[in-house]
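J.: Each residue of the sequence shown is one higher than the one before, starting from 1 at the first, in full-length UniProt numbering.
We put the CB at the ideal spot given by N, CA and C, even for glycine.
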Amino acid sequence: MEVEIVWLVKAAWITVWIVSILPLVIASIPSSKLNSFRELVLSFAGRGKILHPSSQKFTVPQKFFGHFYVVGVVWTTLLLAATWMYACKMAGGSHVFSFHMTHVEHRFKVWRAVFLLLLMEIHVLRRVIESFYVFKYSTSARMHILAYVGALFYYVAAPLSLCSNIAPEVARFVGSQVAEFIASGKSHSHDFNLLLSISPLMKLGSLQWIGGAIFLWGWIHQRRCHAILGSLREYPSQAKEYIIPYGDWFEMVSCPHFLAEIVLYLGLLISSGGTDISIWLLFGFVAANLTYAAGETHRWYLQKFENYPASRHAIFPHVY
1 MEVEIVWLVK
11 AAWITVWIVS
21 ILPLVIASIP
31 SSKLNSFREL
41 VLSFAGRGKI
51 LHPSSQKFTV
61 PQKFFGHFYV
71 VGVVWTTLLL
81 AATWMYACKM
91 AGGSHVFSFH
101 MTHVEHRFKV
111 WRAVFLLLLM
121 EIHVLRRVIE
131 SFYVFKYSTS
141 ARMHILAYVG
151 ALFYYVAAPL
161 SLCSNIAPEV
171 ARFVGSQVAE
181 FIASGKSHSH
191 DFNLLLSISP
201 LMKLGSLQWI
211 GGAIFLWGWI
221 HQRRCHAILG
231 SLREYPSQAK
241 EYIIPYGDWF
251 EMVSCPHFLA
261 EIVLYLGLLI
271 SSGGTDISIW
281 LLFGFVAANL
291 TYAAGETHRW
301 YLQKFENYPA
311 SRHAIFPHVY
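1. Decide if Met143 is buried, meaning its Cβ has at least 16 other Cβ atoms within 10 Å, or exposed.
2. Could you name each continuous beta strand (DSSP E) segment of 3 residues or more that falls completely within the segment 135 to 219, going from the start of the chain to the end?
3. Once you ignore the five residues that flank Leu8 on each side, which residues in its own chain have a CB closer than 7 Å to its CB?
4. Helix, strand or coil, according to DSSP, for Val104 in the structure here?
5. In chain order, what residues of the same chain have a beta carbon less than 7 Å from the beta carbon of Phe65, not counting five sequence neighbours either side?
6. Consult DSSP for His95 and reduce its assignment to one of helix, strand or coil.
7. In this structure, does DSSP put Pro61 in helix, strand or coil?
8. Using a Cβ distance threshold of 8 Å, determine whether the segment 161 to 170 contacts the segment 223 to 234, with at least three qualifying pairs required.
9. Can you give me the C-alpha to C-alpha distance between Ala260 and Gln222, rounded to a whole angstrom?
10. Cα-Cα, which of Leu216, Gly72, Arg112, Ala314 is closest to Asp276?
11. To the nearest angstrom, report how far apart Leu34 and Pro23 are at their CA atoms.
12. Would you say residue 321 and Leu282 are within 9 Å of each other, going by their C-beta atoms?
13. Tell me the DSSP secondary structure of His313 in three-state form.
14. Please state whether the Cβ-Cβ distance between Phe37 and Tyr154 is less than 9 Å.
15. Rounded to the nearest angstrom, how far is the Cβ of Ser254 from that of Ala294, given a contact under 8 Å?
16. How would you write the range of the alpha helix (DSSP H) that Val25 sits in, first residue to last?
17. Let me make sure I understand the geometry here. Which of Gln62, Leu116, Val124 has the alpha-carbon closest to that of Ile145?
18. Straight-line CA distance for Gln124 to Phe181?
19. Tell me which same chain residues have a C-beta within less than 7 Å of the C-beta of Phe305, skipping the five on either side of it?
20. Helix, strand or coil for Val319 per DSSP?
21. On the three-state DSSP scale, how would you describe Gln303?
22. With a threshold of 16 other CB atoms inside 10 Å of the CB of Ser31, please say whether the residue is buried or exposed.
23. Out of Ile214, Leu216, Tyr308, state which residue places its alpha-carbon closest to the alpha-carbon of Tyr246.
24. Measure from the alpha carbon of Gly175 to the alpha carbon of each residue in Val319, Gly274, Tyr86, then state which is nearest.
25. Alpha carbon to alpha carbon, what distance is there between Pro159 and Gly284?
26. With a Cβ-Cβ cutoff of 9 Å, do Gly150 and Leu207 count as a contact?
27. Does the Cβ of Arg107 have 16 or more other Cβ atoms within 10 Å, making it buried, or fewer, making it exposed?
28. Report back the beta-carbon spacing between Leu162 and Leu201 to the nearest angstrom; my notes put them in contact at under 8 Å.
29. Using 8 Å for Cβ pairs, my map puts Gly218 next to Leu264. What's the rounded Cβ distance?
Next up, the structure:
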């Protein structure tokens, strides 16, 4: 069962790459012969101001973005709670590094998954708050229905990818707890100790803390950039207005919130140790998808505003 679940996650990401990222790469090739294909790709991948007019028929409001983050919060919270309980009760608690090396390596992997899910939880919690209280979506802003379904899939697959290697054993643990509760009317109780449930996280390796610092760096700048974007439409009457944003990483690139997203996922990749191909595929998907969207957004800004800052690049300072 373990092999099947692990490979199912990998197969899902490979399929996503073939279905979504490969067309983006082809559409990015600068050839007039690909104009029709490029418009087709943009009709599916675009949203808001870069959505192709021909795809308005098969769209949902862009304010449905909040649905993604609600799903992300609920699913990540469930995974985090189950994995943390498993780590505390089955993987050795605070004595995670006191056993034979093979046990140490396994327990380290479990607590590393807890750490990764904790970072993801911090991320999706902020995004759900922003989607309802920071962003003021125009009533005319739409996204393609396939992009909507794909995003729902993403916020299920992304948190699962961070713990896919231990997900089967965590599932068995949760199943045993549920079965015990059904059989006896109560689960086997353990005295909760906050210190013992946190101290193993303090003993993780340098890669986890370096990755965590990079994650928080991207997280902080994305929060700032989203606040700037949200402030551009303080009143409902401004919902259809487009204004050039300034401040923070907007001084360097047109889509700093996308750049920050790539940075924080890079932090997750580093914190994972880089040994799981699923997390590499997750990071690659985020980077490729947002790079393409940033390029289209940058071109839209250049066409929309005659006085758009010439020094800005699309997403990577001084590069693209």
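T.: So, from the data block:
1. buried
2. 142 to 144
3. none
4. helix
5. Ser131
6. The pLDDT assigned to His95 is 45, lower than 50, so where the model puts this residue is not dependable, and the model offers no usable value.
7. strand
8. no
9. 5 Å
10. Arg112
11. 11 Å
12. With the chain covering 1 to 320 only, the question about residue 321 has no answer from this structure.
13. strand
14. no
15. 7 Å
16. 22 to 27
17. Gln62
18. According to the sequence provided, residue 124 is Val. The question's Gln does not apply to it. For Val124 and Phe181, the distance between alpha carbons rounds to 31 Å.
19. Ile244
20. coil
21. helix
22. exposed
23. Tyr308
24. Tyr86
25. 15 Å
26. no
27. buried
28. At roughly 15 Å, the Cβ-Cβ gap does not stay under 8 Å, so Leu162 and Leu201 are not in contact.
29. 3 Å
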